[in-house]
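A.B. asks:
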Ligand SMILES: Cc1ncc(C[n+]2csc(CCOP(=O)(O)OP(=O)(O)O)c2C)c(N)n1
Ligand SMILES: [Mg+2]
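Listed below in structure tokens is the structure:
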């Protein structure tokens, strides 16, 4: 298979994941739309190319670890896990239902394959530091830890405690991916609490920083591959993404942070995504 062909297949998977996100959120009648849609390309790259995992054996001892620190974005993780075969896609429609394994924020003990419980923002990077240090002490050289955080989430002070910790122990088996979508719950990040100069901030804490287009799957794969190869420092990937990516009326609008589409909006969104799939196929015929 040529590289171009495999990238097309991954792009189609990202469309499937976006469709699942829309369907599950509409069915649940609550939940977060913008962040999950924006993260679909990063999750596709992680689960279908970069991470060493086995969906049929979620507790495989040599697996890589992914921690979703911005737990409200978990619809993208559920949709990707179902796409990868961790559980049947039909279960996606149980999102947020009483007793479901797919709660509105991830619960590790409920669903095999989830590596952390989150929702309260700010904890994932500290958890990732602990796991990465543990792997080093256990001499598990192949394994890698990935932590996904929101950009608004960086307002949490304990992120920066972990940001000091990782370079001190040179945790080069740890990569943090910041979803730089410029929105958070109440508005643009730079209005609510300015983060810039974000690259310089991470660098000054001792990290190697890569800035990428987080909606370009090939670029994401290249950056994650490079991050693993860099051994001098832990790596922070600032991934610029479009909140609501793939659904025109949701893109770049913070009001979609925590709102699901209603029936009409879901229909429109699914129509747009079908068109997008056609374009992806057509461009490479
Ligand atoms: C400790 C804590 N404080 C506040 C919240 C409420 N909250 C949920 S999401 C969110 C915004 C986070 O922004 P970002 O990480 O950029 O998410 P995005 O809007 O991009 O999905 C906030 C403040 C929370 N979940 N946890
Ligand atoms: Mg954000």
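In my numbering, the protein residues as written are 13 to 297. We put the beta carbon where it would ideally sit given N, CA and C, even for glycine.
Tell me the rounded alpha-carbon separation between residue 123 and residue 292.
C.D. replies: On the chain shown, position 111 is the one that residue 123 refers to. On the chain shown, position 280 is the one that residue 292 refers to. Distance between the alpha carbons of residue 123 and residue 292 is about 32 Å.
A.B. asks: Per DSSP, what kind of secondary structure is residue 208 in: helix, strand or coil?
C.D. replies: Numbered from 1 along the chain shown, position 196 holds the residue referred to as residue 208. Looking at residue 208 - three-state DSSP - the assignment turns out to be coil, as it is neither helix nor strand.
A.B. asks: Express the C-alpha separation of residue 70 and residue 38 in angstroms, rounding to a whole number.
C.D. replies: Numbered from its first residue, the chain shown carries residue 38 at position 26. Numbered from its first residue, the chain shown carries residue 70 at position 58. If I take the Cα positions, the gap works out to 28 Å.
A.B. asks: In three-state DSSP terms, what is residue 123?
C.D. replies: On the chain shown, residue 123 is found 111 positions in, with the first residue counted as 1. Of the three classes helix, strand and coil, the one that applies to residue 123 here is coil, per DSSP.
A.B. asks: For residue 243, count the other beta carbons within 10 Å of its own beta carbon; 16 or more makes it buried, fewer makes it exposed. Which is it?
C.D. replies: Taking the chain shown and counting its residues from 1, one reaches residue 243 at position 231. With fewer than 16 Cβ atoms within 10 Å of its Cβ, residue 243 is classed as exposed.
A.B. asks: Going by C-alpha distance, which of 211, 205, 271, 107 is nearest residue 188?
C.D. replies: Taking the first residue of the chain shown as position 1, residue 188 is located at position 176. Nearest of 211, 205, 271, 107 to residue 188, Cα basis: 211.
A.B. asks: Any heavy atom of ligand 2 closer than 8 Å to the CB of residue 194?
C.D. replies: Sequence index remark: in the chain shown, residue 194 carries index 182 (1-based). Because some heavy atom of ligand 2 lies under 8 Å away, the Cβ of residue 194 counts as near it: yes.
A.B. asks: Helix, strand or coil, according to DSSP, for residue 21 in the structure here?
C.D. replies: Position 9 of the chain shown, counted from the first residue, corresponds to residue 21. Residue state, collapsed to three classes: helix.
A.B. asks: In whole angstroms, what is the alpha-carbon distance linking residue 75 and residue 154?
C.D. replies: Taking the chain shown and counting its residues from 1, the one referred to as residue 75 is at position 63. Taking the chain shown and counting its residues from 1, the one referred to as residue 154 is at position 142. Straight-line Cα distance between these residues: approximately 9 Å.
A.B. asks: Report the rounded CA-to-CA distance for residue 13 versus residue 63, giving the unit in angstroms.
C.D. replies: Your numbering for residue 13 matches position 1 in the chain shown. Your numbering for residue 63 matches position 51 in the chain shown. With a pLDDT of 42 at residue 13, under the threshold of 50, the modelled position of this residue cannot be trusted; read the value that follows with caution. Rounded to the nearest angstrom, the two C-alpha atoms are 20 Å apart.
A.B. asks: Determine the extent of the beta strand (DSSP E) in which residue 223 is found, giving its start and end residues.
C.D. replies: In the chain shown, residue 223 corresponds to position 211, counting from 1. 220-225 is the extent of the beta strand (DSSP E) around residue 223.
A.B. asks: How is residue 192 classed by DSSP in three states: helix, strand or coil?
C.D. replies: Numbered from 1 along the chain shown, position 180 holds the residue referred to as residue 192. Of the three classes helix, strand and coil, the one that applies to residue 192 here is strand, per DSSP.
A.B. asks: Considering just the uninterrupted stretch of the beta strand (DSSP E) at residue 161, what are its terminal residues?
C.D. replies: For the purposes of this step, residue 161 is taken as residue 149 along the chain shown, with counting starting at 1. That run of the beta strand (DSSP E) goes 157-162.
A.B. asks: Please classify residue 31 as buried or exposed, where buried requires at least 16 other C-beta atoms within 10 Å of its C-beta.
C.D. replies: Working through the chain shown from its first residue, we reach residue 31 at position 19. Classification of residue 31: buried, given that the 10 Å Cβ count is 16 or more.
A.B. asks: Just mark residue 170 as buried or exposed, buried being the case when its beta carbon has 16 or more other beta carbons within 10 Å.
C.D. replies: On the chain shown, position 158 is the one that residue 170 refers to. It counts as exposed.
A.B. asks: Taking the alpha helix (DSSP H) that residue 266 falls in, what are its first and last residues?
C.D. replies: Within the chain shown, residue 266 is the residue found at index 254, counting from 1. Residue 266 -> no alpha helix (DSSP H), and no H or E assigned at all.
A.B. asks: Pop quiz: residue 245 and residue 220 are said to be a contact at Cβ under 8 Å. What is the actual Cβ separation, rounded to whole angstroms?
C.D. replies: Along the chain shown, one-based indexing puts residue 245 at 233. Along the chain shown, one-based indexing puts residue 220 at 208. Their Cβ separation, rounded to whole angstroms, is 4 Å, which keeps residue 245 and residue 220 in contact under 8 Å.
A.B. asks: For residue 129, which residues from the same chain have a beta carbon less than 7 Å from its beta carbon, with the 5 sequence-adjacent residues on both sides left out?
C.D. replies: If you number the chain shown from 1, residue 129 lands on position 117. Taken in chain order, the residues that qualify are 118, 119, 120.
A.B. asks: Apart from the five residues on each side of it in sequence, which residues of its chain come closer than 7 Å, Cβ to Cβ, to residue 143?
C.D. replies: As a working note, residue 143 is residue 131 in the chain shown. Excluding residues within five positions, the ones whose Cβ falls inside 7 Å are 77, 157.
A.B. asks: Considering only their Cβ atoms, is the gap separating residue 196 from residue 228 smaller than 9 Å?
C.D. replies: Numbered from 1 along the chain shown, position 216 holds the residue referred to as residue 228. Numbered from 1 along the chain shown, position 184 holds the residue referred to as residue 196. No, Cβ-Cβ distance for residue 228 and residue 196 is not below 9 Å.
A.B. asks: Which residues bound the alpha helix (DSSP H) around residue 90?
C.D. replies: In the chain shown, the residue the question calls residue 90 occupies position 78. Looking at the DSSP string, the run of the alpha helix (DSSP H) that includes residue 90 is 86-96.
A.B. asks: Helix, strand or coil: which one does DSSP assign to residue 13?
C.D. replies: Along the chain shown, read from residue 1 onward, the residue named residue 13 stands at position 1. Because residue 13 carries a pLDDT of 42, less than 50, the predicted location of this residue cannot be relied on, and the following value inherits that uncertainty. Residue 13: coil per DSSP, three-state reduction.
A.B. asks: Do you know how far the Cα of residue 97 is from the Cα of residue 25?
C.D. replies: For the purposes of this step, residue 25 is taken as residue 13 along the chain shown, with counting starting at 1. For the purposes of this step, residue 97 is taken as residue 85 along the chain shown, with counting starting at 1. Those two C-alpha atoms are separated by around 13 Å.
A.B. asks: What residue does the beta strand (DSSP E) around residue 249 start on, and which one ends it?
C.D. replies: The residue you call residue 249 lines up with position 237 of the chain shown. Unbroken beta strand (DSSP E) run through residue 249: 247-252.
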